[in-house]
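S.K.: First the structure, which I've put down as structure tokens, then a few questions once you've had a look.
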Amino acid sequence: MSYEHPLAYLLGIEGAALLRAFTGEHDREFVEARLAEIRALLADQGLADGVEVTQLGPRDGYARWAAGYDSGENAAFADEPHLAKILDTIPPGRALDAACGTGRLTRLLVERGHHVVAVDGSPEMLSHAKADSTHVADLQELPVDDGSQDVVLCGLALSHVPDLTPVIAEFARVLAPGGHLVLSDVHPEQVQRGSIPSVRTVDGAPARVRTSHHRVGEYVRAFLAAGLAPVSCQEPTPPPAAPQHVPGGGPWDLWPWSLNGLVPDALAAAAKDVPSMLIWHCRKAA
Numbered sequence: 085m086s087y088e089h090p091l092a093y094l095l096g097i098e099g100a101a102l103l104r105a106f107t108g109e110h111d112r113e114f115v116e117a118r119l120a121e122i123r124a125l126l127a128d129q130g131l132a133d134g135v136e137v138t139q140l141g142p143r144d145g146y147a148r149w150a151a152g153y154d155s156g157e158n159a160a161f162a163d164e165p166h167l168a169k170i171l172d173t174i175p176p177g178r179a180l181d182a183a184c185g186t187g188r189l190t191r192l193l194v195e196r197g198h199h200v201v202a203v204d205g206s207p208e209m210l211s212h213a214k215a216d217s218t219h220v221a222d223l224q225e226l227p228v229d230d231g232s233q234d235v236v237l238c239g240l241a242l243s244h245v246p247d248l249t250p251v252i253a254e255f256a257r258v259l260a261p262g263g264h265l266v267l268s269d270v271h272p273e274q275v276q277r278g279s280i281p282s283v284r285t286v287d288g289a290p291a292r293v294r295t296s297h298h299r300v301g302e303y304v305r306a307f308l309a310a311g312l313a314p315v316s317c318q319e320p321t322p323p324p325a326a327p328q329h330v331p332g333g334g335p336w337d338l339w340p341w342s343l344n345g346l347v348p349d350a351l352a353a354a355a356k357d358v359p360s361m362l363i364w365h366c367r368k369a370a
């Protein structure tokens, strides 16, 4: 169980903005405006209550999310153009979509002529995927033979594993010599700022999918330990956008994004040039 308080998030954003001012990015007027805004936030009784939040494992969390996963807008799906560009450089072959979810990335592989095995830990998510074969399985025990895959693709999943090392080692095991590992995930900077999937439990209580904060160096060390050589690492940043103002910060289900409109200037300063995603391309030695 965790405790989410709107003031905790808002003061965190203000603090990040003030740290950037402290290192020379903003002037006295900006700092004084932030301090005045903090005082106003602390006095706002509409922001006085927090929410107890259950932490769900990925299998349970995504089972709850499966029916609506592909509906509406999901900023994390911005990984697709980056992944597609990498996949365009790889010839068709045998491909594994690991933690495929509803199969949104399976489609990228199929469109490029790959024979695809799709694997996910959630039967509810996997039921939506369309591949040559599908399997319910854990990322640490993939149901394919050693060296049998030319490509392993994994999108938006590794932030949900507590330790990258055994999962990356499993990816390396199933890759053929010279094979490609292509990954995307929410950038650790965004995880730290609250970019964590929200769902509701069976009885309607607030819940988050348990998420880890893996720094870039953790990925690199896991790749090298598994005999994978990084080819590229991209850290795309989202285009600047004014947050929508939601009176009172909105319901918990929209946190933290609905809170951003309460502190637009602080958010713009805190979020400037902060990457949204990590996109990796690695190869196994031939």
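Residues in the sequence shown are numbered consecutively from 85, following my numbering. Note that the Cβ used here is the ideal one computed from N, Cα and C, for glycine as well. Since this is a predicted model, take the numbers as computed values, not measurements.
1. Return the chain-ordered list of same chain residues with a C-beta closer than 6 Å to the C-beta of Gln-328, the five sequence neighbours on each side being excluded.
2. Rounded to whole angstroms, how far is the Cβ of Ala-182 from the Cβ of Leu-237, which I believe are closer than 8 Å?
3. Once you ignore the five residues that flank Ala-309 on each side, which residues in its own chain have a CB closer than 8 Å to its CB?
4. If I measure Cβ to Cβ from Val-258 and keep anything under 8 Å in the same chain, skipping five residues before and after, which residues do I get?
5. Helix, strand or coil: how does DSSP classify Ala-260 here?
6. Do Lys-169 and Gly-187 come within 8 Å of each other at the CB atom, strictly closer than that value?
7. Indicate whether Val-283 and Val-270 have their beta-carbon atoms separated by less than 8 Å.
8. Is it true that the CB of Arg-118 sits closer than 8 Å to the CB of Glu-98?
9. Helix, strand or coil for Lys-368? Go by DSSP, reduced to three states.
10. So, does the region 338 to 356 touch the region 240 to 247, judging by three or more C-beta pairs under 8 Å?
11. Do you know offhand how far Gly-185's Cα is from Tyr-93's?
12. Ala-355 to Pro-246, Cα distance in whole Å?
13. Can you find the residues in the same chain that come closer than 8 Å, C-beta to C-beta, to Ser-342, ignoring five residues on each side of it along the sequence?
14. Spell out a yes or no on whether the region 357 to 369 and the region 270 to 279 are touching, meaning 3 or more CB-CB pairs, one atom from each, closer than 8 Å.
15. To the nearest angstrom, how far is the alpha carbon of Gly-218 from that of Arg-367?
16. State buried or exposed for Pro-207, treating a residue as buried only when at least 16 other CB atoms are found within 10 Å of its CB.
17. How would you call Ser-211, buried or exposed, if buried means at least 16 neighbouring beta carbons within 10 angstroms?
18. With distances taken from CA atoms, which of Ala-306, Ser-296, Ser-86 is nearest Phe-255?
19. Between which two residues does the alpha helix (DSSP H) harbouring Glu-302 extend?
20. Below 7 Å CB to CB, which residues in the same chain sit around Gln-276 once its five sequence neighbours on both sides are set aside?
21. Should Pro-324 go down as buried or exposed, given a rule of 16 or more other Cβ atoms within 10 Å for buried?
M.R.: If we stick to the structure as given:
1. Taken in chain order, the residues that qualify are Gly-345.
2. Contact between Ala-182 and Leu-237 is confirmed by a C-beta separation of about 7 Å, below the 8 Å threshold.
3. In chain order, Thr-249, Ile-252, Ala-253 place their CB closer than 8 Å to the CB of Ala-309, counting only its own chain and leaving out the 5 sequence neighbours on each side.
4. Cβ within range, chain order: Leu-180, Leu-226, Val-228, Asp-229, Asp-230, Gly-231, Ser-232, Gln-233, Val-236.
5. In this structure, Ala-260 counts as strand in the three-state DSSP scheme.
6. Going by beta carbons, Gly-187 and Lys-169 fall outside the 8 Å limit.
7. No, they are not a contact pair.
8. The beta carbons of Glu-98 and Arg-118 sit closer together than 8 Å.
9. Lys-368 sits in a strand when the DSSP states are folded into three classes.
10. Short answer: they don't touch.
11. CA-CA distance, Gly-185 to Tyr-93, rounds to 29 Å.
12. Note on geometry: alpha-carbon atoms of Ala-355 and Pro-246 lie some 26 Å from one another.
13. Within the same chain, Ser-342 has close Cβ partners Gln-328, Val-330, Gly-333, Gly-334, Pro-335.
14. Yes: the two stretches touch, three or more of their Cβ pairs being nearer than 8 Å.
15. In the sequence on display, residue 218 carries Thr and not Gly. Roughly 24 Å separates the two Cα atoms.
16. Per the 10 Å Cβ criterion, exposed.
17. Around the C-beta of Ser-211, fewer than 16 other C-beta atoms lie within 10 Å, and the residue is accordingly described as exposed.
18. The closest CA to that of Phe-255, considering only Ala-306, Ser-296, Ser-86, is found on Ala-306.
19. Counting along the chain, the alpha helix (DSSP H) containing Glu-302 begins and ends at 300 to 309.
20. These residues qualify, in order along the chain: His-297.
21. Classification for Pro-324: exposed.
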